[in-house]
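**Q** Sharing a structure below in structure tokens format, with a few things to ask.
Number of protein chains: 2
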Amino acid sequence: MNILIVGAAGMVGAKLTKRLLADGAVRGKALTGLHLVDVVAPQRPEGATIKIALEAADLSTPGVAEKLVAARPDLIFHLAAIVSGEAEADFEKGYRVNLDGTRYLFEAIRKVGDGYKPRLVFTSSIAVFGAPFPEAIGDEFFHTPLTSYGTQKNICELLISDYSRKGFVDGISIRLPTICVRPGKPNKAASGFFSNIMREPLAGEEAVLPVSDGVMHWHASPRAAVQFMLHAATIDTARLGARRAVTLPGLAVTVGEQIAALQKVAGDKVVARIRREPDPFIEKIVAGWPRKFSAKRAIELGFKPDESFEQIIRIHIEDELGGRIA
Amino acid sequence: MNILIVGAAGMVGAKLTKRLLADGAVRGKALTGLHLVDVVAPQRPEGATIKIALEAADLSTPGVAEKLVAARPDLIFHLAAIVSGEAEADFEKGYRVNLDGTRYLFEAIRKVGDGYKPRLVFTSSIAVFGAPFPEAIGDEFFHTPLTSYGTQKNICELLISDYSRKGFVDGISIRLPTICVRPGKPNKAASGFFSNIMREPLAGEEAVLPVSDGVMHWHASPRAAVQFMLHAATIDTARLGARRAVTLPGLAVTVGEQIAALQKVAGDKVVARIRREPDPFIEKIVAGWPRKFSAKRAIELGFKPDESFEQIIRIHIEDELGGRIA
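Residue numbers (the working numbering), protein chains in the order written: chain A, 124 to 449; chain B, 124 to 449.
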């Protein structure tokens with residue numbers, strides 16, 4: 124099995140690569156080649172024994188997509204995108220990268236012809252939904268994005284459904300929950316604090332909580348995210364029918380519940396490193412975000428959420444901190 | 124008020140033109156210019172006293188959109204599209220005309236800059252919905268088109284919402300019901316029979332009914348369609364919030380109810396011209412179409428459906444047959 128990952132240098136792309144190499148196979152089919160692409164060349168994974176190609180390329184440059192699919196990968200993960208804040212600040216770049224780049228990829232696949240029909244896993248987002256929301260968002264709730272990023276993701280979902288219906292690709296769009304605990308440094312994303320208030324205290328650092336404890340959000344661990352992608356890569360897409368986009372299951376927890384879980388796992392000393400500093404600007408942004416989904420369909424399709432928020436914290440300690448809390 | 128109509132040569136475009144000229148104003152603002160565009164030059168409307176420009180131009184040709192908006196029309200009706208069957212048969216042409224052409228128009232408007240923000244009325248379609256459906260489709264039901272045409276319309280709706288949110292245009296997408304009774308000759312569209320079985324018998328001709336009497340569908344008269352467009356052109360779009368696409372109100376009637384209405388209005392002799400000739404192929408296509416919507420939101424926004432199917436038939440007799448039944 125020959126795999127192409129576009130957006131391989133990102134956090135999820137790197138974890139997916141590592142997992143694919145550790146498994147050595149996807150649903151019993153041995154990996155034979157891995158083509159890792161991003162706007163900056165992805166790092167060479169350690170200890171790999173199969174053929175790995177690393178490439179710096181921008182999908183939104185005309186002609187790039189054709190080269191990426193020329194080797195006819197059996198499975199394509201398309202994770203590349205510019206993030207919400209950047210797509211909002213730079214309208215043209217957002218559409219060029221998040222819409223045109225993705226469409227170039229679909230068109231390149233279609234134009235191979237000759238019966239070529241790879242499985243394509245596209246990471247979409249719950250940003251396809253826009254407030255006002257019901258208490259829990261059902262699988263048949265409509266898509267009214269409130270950002271250019273959400274608009275671009277929704278358009279790509281529609282294209283994947285149509286290209287799949289026409290038999291040009293065998294695609295699936297998965298709407299990931301917010302990834303928590305996101306490893307790395309604190310960033311300026313408005314959603315950053317959901318991870319910051321877990322990751323920083325566990326590492327002995329202070330973290331700022333800009334919203335009230337009652338704020339609820341929809342989370343999945345990086346480990347769950349990788350598992351979602353592998354499941355999407357191997358699921359029988361006949362089960363999706365014409366509806367190729369799936370809202371994945373997460374955990375709907377409040378910030379207060381996050382903190383209570385942190386206290387249980389890591390104790391009072393760690394929790395004391397969270398500093399409450401309300402920020403009405405961030406409160407307002409977050410109020411427009413989805414909080415909770417039923418995700419009934421995804422669960423029936425075999426996508427599995429994390430067990431509990433305590434489990435999400437333990438995954439972070441295991442995978443990122445070598446089991447040690449500061 | 125300076126108005127641009129793209130797709131002006133079509134049936135609805137011609138009726139809209141006629142109505143605009145008859146009114147001489149849109150919500151109290153006098154018409155000053157009318158720019159009528161289609162892939163074939165629209166016919167010059169009779170008896171007009173204002174400046175009318177007629178142009179044959181294809182919006183999907185790069186550079187055309189810029190020229191169309193150069194005069195900064197205050198109000199733009201974008202009705203141009205290739206129909207469902209053609210978009211399904213010619214994948215590339217469908218995306219070029221129905222998606223790229225429309226996006227060129229939005230981009231041309233955005234690039235005028237300098238505070239230019241015209242009202243734009245886009246005719247979308249209930250083809251953005253895909254079976255299976257609930258009994259009546261609510262205003263928050265999701266969009267899962269089952270055709271390339273529906274996909275393209277849905278993408279354009281998303282773009283209009285995003286461009287409007289960003290302040291580049293003041294757009295509204297209206298999802299028209301099936302237009303009935305459609306004037307003109309019988310055509311090969313799978314939906315043609317809904318009009319054929321009314322129009323042909325009223326004109327003294329035989330018509331074929333390929334489905335059973337229980338088949339329900341969602342209808343509006345051409346007169347209602349024009350009224351929808353004028354309402355969309357003048358509505359306070361602040362009432363739409365971020366949700367710029369509206370499913371318009373129609374009449375959900377069965378074929379049996381259509382025929383009963385025809386009997387009431389035109390008598391047994393006319394109804395006897397309908398020949399039942401079941402066609403399993405058409406039955407199957409029609410089974411995948413939406414039948415009924417709540418359209419609650421559109422009604423609250425002031426869009427008015429036809430009063431009854433009898434009224435729809437009377438409108439046809441008045442507007443197309445000079446009051447005479449054959």
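No residue lacks a Cβ here, since even glycine has one placed at the ideal position from N, Cα and C.
1. Would you mind reading off the limits of the alpha helix (DSSP H) that contains K190 (chain B)?
2. Report the neighbours of S287 (chain A) on chain B: residues whose CB is nearer than 8 Å to its CB, in chain order.
3. Taking Cβ positions only, does D262 (chain B) come closer than 9 Å to chain A?
4. Rounded to the nearest angstrom, what separates K190 (chain A) and P165 (chain A) at their Cα positions?
5. Helix, strand or coil: how does DSSP classify G243 (chain B) here?
6. Taking a contact to mean a Cβ-Cβ separation below 9 Å, would you say G224 (chain B) touches A193 (chain B) in this structure?
7. I'd like to know whether the C-beta of P268 (chain A) is nearer than 9 Å to at least one C-beta of chain B.
8. If you run the structure through DSSP and keep just helix, strand and coil, what is S318 (chain B)?
9. Whose C-beta lies closer than 7 Å to the C-beta of G327 (chain A) among residues of the same chain, with five residues either side of it excluded?
10. At a Cβ threshold of 9 Å, is R242 (chain A) touching chain B?
11. At a CB distance below 8 Å, what residues from the stretch 389-415 of chain B approach chain A? Give them in sequence order.
12. Quick one: does S247 (chain A) have its CB under 9 Å from some CB of chain B?
13. Starting from R366 (chain B), find everything on chain D with Cβ-Cβ shorter than 9 Å and list it in chain order.
14. Taking the straight line between their C-alpha atoms, what separation do you get for G217 (chain A) and A171 (chain B)?
15. Examine chain A for any beta-carbon lying closer than 9 Å to the beta-carbon of S271 (chain B), and answer yes or no.
16. Classify S248 (chain B) as helix, strand or coil using the three-state DSSP reduction.
17. The alpha helix (DSSP H) spanning H354 (chain B) covers which residue range?
18. Please check the pair I435 (chain B) and S344 (chain B), which I expect to be a contact at CB under 8 Å, by giving their CB distance rounded to whole angstroms.
19. Could you check the C-alpha separation between M134 (chain A) and S183 (chain B) for me, to the nearest Å?
20. Compile a chain-ordered list of the residues in the stretch 217-228 of chain B whose CB is closer than 7 Å to at least one CB of chain A.
21. Would you mind sorting G379 (chain B) into buried or exposed? The rule is 16 or more other CB atoms within 10 Å of its CB.
22. What's the C-alpha gap between M352 (chain A) and V244 (chain A)?
23. Which residue comes first and which comes last in the beta strand (DSSP E) that contains I295 (chain B)?
24. Please say whether V160 (chain B) and I128 (chain B) have beta carbons closer to each other than 9 Å?
25. Pairing CB atoms from the stretch 423-434 of chain A with CB atoms from the stretch 253-268 of chain A, are three or more of them under 8 Å?
26. Helix, strand or coil for S219 (chain B) per DSSP?
27. Are the beta-carbon atoms belonging to N310 (chain A) and Y272 (chain A) less than 9 Å from one another?
28. Taking 8 Å as the line, does the beta carbon of R362 (chain B) fall inside it for any heavy atom of the ligand SAH?
29. What in chain B is Cβ-close to I422 (chain A), meaning under 8 Å?
30. Verify the CB distance criterion: does L281 (chain A) have a CB-CB separation below 9 Å to chain B?
31. What are the start and end residues of each continuous beta strand (DSSP E) run of 3 or more residues lying completely inside the stretch 132-164 of chain A, in chain order?
32. Quick check on DSSP: helix, strand or coil for T377 (chain A)?
33. Candidates A:P255, A:S431, A:T155, A:V376: which alpha carbon is nearest Q335 (chain A)'s?
34. For the stretch 199-215 of chain B, which residues have a beta carbon sitting closer than 8 Å to at least one beta carbon of chain A?
35. Are there three or more Cβ pairs, one per stretch, closer than 8 Å when the stretch 387-406 of chain A is compared with the stretch 252-261 of chain A?
36. Can you find a C-beta in chain A that's less than 9 Å from the C-beta of Q274 (chain B)?
**A** According to the structure data:
1. One-based indexing of the second sequence puts residue 190 (chain B) at position 67. Unbroken alpha helix (DSSP H) run through K190 (chain B): 187-192.
2. The residue given as residue 287 (chain A) occupies position 164 in the first sequence. By Cβ distance, chain B contributes nothing, its closest Cβ being about 11 Å from S287 (chain A), past 8 Å.
3. Here the question's residue 262 (chain B) lines up with position 139 in the second sequence. Interface flag for D262 (chain B) against chain A is set, since a Cβ pair is found closer than 9 Å.
4. One-based indexing of the first sequence puts residue 190 (chain A) at position 67. One-based indexing of the first sequence puts residue 165 (chain A) at position 42. Cα to Cα, the separation comes out at about 17 Å.
5. Sequence index remark: in the second sequence, residue 243 (chain B) carries index 120 (1-based). Residue 243 (chain B) is actually Leu in this sequence, not Gly. Strand.
6. Position 101 of the second sequence holds residue 224 (chain B). Position 70 of the second sequence holds residue 193 (chain B). In terms of Cβ geometry, G224 (chain B) and A193 (chain B) do not form a close pair [threshold 9 Å].
7. Residue mapping note: residue 268 (chain A) aligns to position 145 of the first sequence, counting from 1. Closer than 9 Å: yes.
8. In the second sequence, counting from the first residue as 1, residue 318 (chain B) sits at position 195. In this structure, S318 (chain B) counts as helix in the three-state DSSP scheme.
9. As a first step, residue 327 (chain A) is located in the first sequence; it is residue number 204 there, counting from the start. Cβ neighbours of G327 (chain A) within its own chain (closer than 7 Å, five residues either side excluded): A449.
10. Locating residue 242 (chain A) in the first sequence gives position 119, where the first residue counts as 1. With 9 Å as the cut-off, R242 (chain A) does not count as an interface residue toward chain B.
11. Cβ contacts with chain A come from no residue of the stretch 389-415 of chain B.
12. For the purposes of this step, residue 247 (chain A) is taken as the residue at position 124 of the first sequence. By this cut-off, S247 (chain A) is not an interface position.
13. Of the chains in the structure shown, none is chain D; the protein chains are A and B.
14. If you number the first sequence from 1, residue 217 (chain A) lands on position 94. If you number the second sequence from 1, residue 171 (chain B) lands on position 48. Going from the Cα of G217 (chain A) to the Cα of A171 (chain B) covers about 45 Å.
15. If you number the second sequence from 1, residue 271 (chain B) lands on position 148. Yes, S271 (chain B) lies at the interface with chain A (some Cβ there is under 9 Å from its Cβ).
16. The count along the second sequence starts at 1 and reaches residue 248 (chain B) at position 125. S248 (chain B): strand per DSSP, three-state reduction.
17. The residue given as residue 354 (chain B) occupies position 231 in the second sequence. That run of the alpha helix (DSSP H) goes 345-357.
18. Counting from 1 along the second sequence, the entry for residue 435 (chain B) is found at position 312. Counting from 1 along the second sequence, the entry for residue 344 (chain B) is found at position 221. Indeed they touch by this definition, with Cβ atoms about 5 Å apart.
19. The count along the first sequence starts at 1 and reaches residue 134 (chain A) at position 11. The count along the second sequence starts at 1 and reaches residue 183 (chain B) at position 60. Those two C-alpha atoms are separated by around 39 Å.
20. Answer set for the stretch 217-228 of chain B: empty.
21. The count along the second sequence starts at 1 and reaches residue 379 (chain B) at position 256. Taking all protein chains in view, the Cβ of G379 (chain B) is surrounded by fewer than 16 other Cβ atoms within 10 Å, so the residue is classified as exposed.
22. For the purposes of this step, residue 352 (chain A) is identified with residue 229 of the first sequence, where counting begins at 1. For the purposes of this step, residue 244 (chain A) is identified with residue 121 of the first sequence, where counting begins at 1. The C-alpha of M352 (chain A) lies about 7 Å from the C-alpha of V244 (chain A).
23. Looking up residue 295 (chain B) in the second sequence gives position 172. Where I295 (chain B) is concerned, the enclosing beta strand (DSSP E) stretches over 293-299.
24. Along the second sequence, one-based indexing puts residue 128 (chain B) at 5. Along the second sequence, one-based indexing puts residue 160 (chain B) at 37. Yes, the pair counts as a contact, with Cβ atoms nearer than the cut-off.
25. Taking a contact to require three or more Cβ pairs closer than 8 Å, the stretch 423-434 of chain A and the stretch 253-268 of chain A do not qualify as touching.
26. Sequence index remark: in the second sequence, residue 219 (chain B) carries index 96 (1-based). The identity of residue 219 (chain B) in the sequence shown is Arg, whereas the question assumes Ser. Here R219 (chain B) sits in helix by DSSP.
27. The sequence position of residue 310 (chain A) within the first sequence is 187, counting from 1. The sequence position of residue 272 (chain A) within the first sequence is 149, counting from 1. For N310 (chain A) and Y272 (chain A), no; Cβs fall outside 9 Å.
28. Among the ligands in the structure shown, none appear at all, so the ligand SAH cannot be discussed.
29. Here residue 422 (chain A) refers to the residue found at position 299 of the first sequence. What I422 (chain A) touches in chain B: nothing, since even the nearest Cβ is about 18 Å away.
30. Residue mapping note: residue 281 (chain A) aligns to position 158 of the first sequence, counting from 1. By this cut-off, L281 (chain A) is an interface position.
31. For the beta strand (DSSP E) assignment, the uninterrupted runs of no fewer than 3 residues enclosed by the stretch 132-164 of chain A are, from N- to C-terminal side, 156-161.
32. Counting from 1 along the first sequence, the entry for residue 377 (chain A) is found at position 254. Three-state result, T377 (chain A): strand.
33. Stepping through the first sequence from its first residue, residue 335 (chain A) is reached at position 212. Note that residue 335 (chain A) is Ser in the sequence shown here, rather than Gln. Ranking A:P255, A:S431, A:T155, A:V376 by Cα distance to S335 (chain A) puts A:V376 first.
34. Those residues of the stretch 199-215 of chain B that come within reach of chain A (Cβ to Cβ, closer than 8 Å) are F214.
35. As far as the Cβ criterion goes, the stretch 387-406 of chain A does not touch the stretch 252-261 of chain A, which means the pair count is below three.
36. Numbered from 1 along the second sequence, position 151 holds the residue referred to as residue 274 (chain B). Rather than Gln, the amino acid found at residue 274 (chain B) in this sequence is Thr. Taking 9 Å as the CB threshold, T274 (chain B) lines the interface with chain A.
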